[in-house]
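Numbering (the numbering used here), first residue to last: 2 to 276.
The structure is reproduced here in structure tokens:
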């Protein structure tokens, strides 16, 4: 560094400039700029609280589901402890960007739009969008049959876009805060269908509700991580690879979805890349 001796006002300016640089450095450290999940002993991980089979908050306050088990495995491979917090679809980018959580494992589909705000490890599974209707419904055999019908739209989810925007199907959207609310509206007849990932729908299918079994997209579930954490992202990808190679992924998928009738995939998904 070139050092210049200054006197009078010049020295004053130099001291002021150094003070400003110190303040900027302190602010950067406080905000976690340049930090990685690998630097933490405890990982705060966002999961869904209301999706059976994926992420459900139990009566005693614990979380259970496929996503929770995947997150637990990843944290273990990274040598970290994990604490789970409820994270609805509408909050996933926000909590990652403001540092409230370290990772998000919450049926978080990797999309170009989301990748402008956060980074993704994985995917750890590739699901497929399908449609849930009342068991008595016989006129809906596929997504095209939703034309003119009421489709539930969950705040923060992109699933409705696959129907209305990408496929130009003229559905009437009915807003809901969560898939649990969509489920209640479907049973009550307020909407005609719920369309989202088959793993999500599998947890909601009951005697009076059925999955159409006509998938029409690939939904690549990623592990959300702060943008710029390249080392953390690569470590997550390594953990996911090991999860498939040691048979854990197959065991977890069979544990949570083995009786769903879905065609499950047990091979390592093709990663997006962390760069």
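Using N, Cα and C, we set each Cβ at its ideal position, and we do this for glycine too.
With residue 189 as the anchor, note down where its alpha helix (DSSP H) starts and where it stops. Residue 189 -> alpha helix (DSSP H) spans 180-189.
Three-state secondary structure (DSSP) of residue 26: Annotation note: pLDDT 40 at residue 26 (below 50); position unreliable, coordinate value reported separately. Residue 26 falls in the helix class under three-state DSSP.
Burial state of residue 255 (16 or more Cβ within 10 Å): An exposed status is given to residue 255, since fewer than 16 other beta-carbon atoms sit within 10 Å of its beta-carbon.
Out of 76, 67, 153, 73, which has the shortest C-alpha to C-alpha gap to residue 191? Of the candidates 76, 67, 153, 73, the one whose C-alpha sits nearest the C-alpha of residue 191 is 153.
So, with DSSP's three-state summary, where would you put residue 88? Here residue 88 sits in coil by DSSP.
Grab the span of the beta strand (DSSP E) containing residue 153 for me, first residue to last. DSSP places residue 153 inside the beta strand (DSSP E), whose first and last residues are 151-155.
Within a Cβ cutoff of 7 Å, which residues of the same chain sit near residue 25, ignoring the five residues on either side of it in sequence? Below a pLDDT of 50, predicted positions are generally treated as unreliable, and residue 25, at 40, falls in that range; the measurement from the model is reported next regardless. Within the same chain, residue 25 has no close Cβ partners at all.
Distance, Cα to Cα, residue 272 vs residue 188? C-alpha separation (whole angstroms): 38 Å.
If you check the beta carbons only, do residue 277 and residue 202 fall under 9 Å apart? The first residue shown for the chain is 2 and the last is 276, placing residue 277 beyond what the model contains.
Starting from residue 126 and walking both ways along the beta strand (DSSP E), at which residues does that stretch end? Element bounds for residue 126: 120-128.
So residue 95 is in the beta strand (DSSP E); what residue range does that whole segment cover? Taken as a continuous stretch (DSSP letters only), residue 95 belongs to no beta strand (DSSP E), being part of the alpha helix (DSSP H) at 93-98.
Among 115, 76, 108, 81, whose alpha-carbon lies nearest the alpha-carbon of residue 95? Of 115, 76, 108, 81, the smallest CA-CA separation from residue 95 is found for 115.
In three-state DSSP terms, what is residue 271? Residue 271: coil per DSSP, three-state reduction.
For residue 57, which residues from the same chain have a beta carbon less than 6 Å from its beta carbon, with the 5 sequence-adjacent residues on both sides left out? Exclusion of the five residues before and after residue 57 leaves 65, 66 as the residues of its chain whose Cβ lies within less than 6 Å of its Cβ.
Of the residues 77, 90, 212, 110, the one placed nearest residue 133, counting alpha carbons only: Cα-wise, what sits closest to residue 133 is 212.
Residues bridged to residue 44 [DSSP beta-bridge criterion]: Per DSSP, 83.
Does the region 245-260 come into contact with the region 136-151, if we say contact requires no fewer than three beta-carbon pairs (one atom in each stretch) closer than 8 Å? Judged by Cβ distances under 8 Å, the region 245-260 makes no contact with the region 136-151, as fewer than three pairs qualify.
Less than 9 Å between the C-beta atoms of residue 225 and residue 71, yes or no? Going by C-beta atoms, residue 225 is not nearer than 9 Å to residue 71.
Please say whether residue 127 and residue 81 have beta carbons closer to each other than 9 Å? The answer is no: Cβ separation not under 9 Å.
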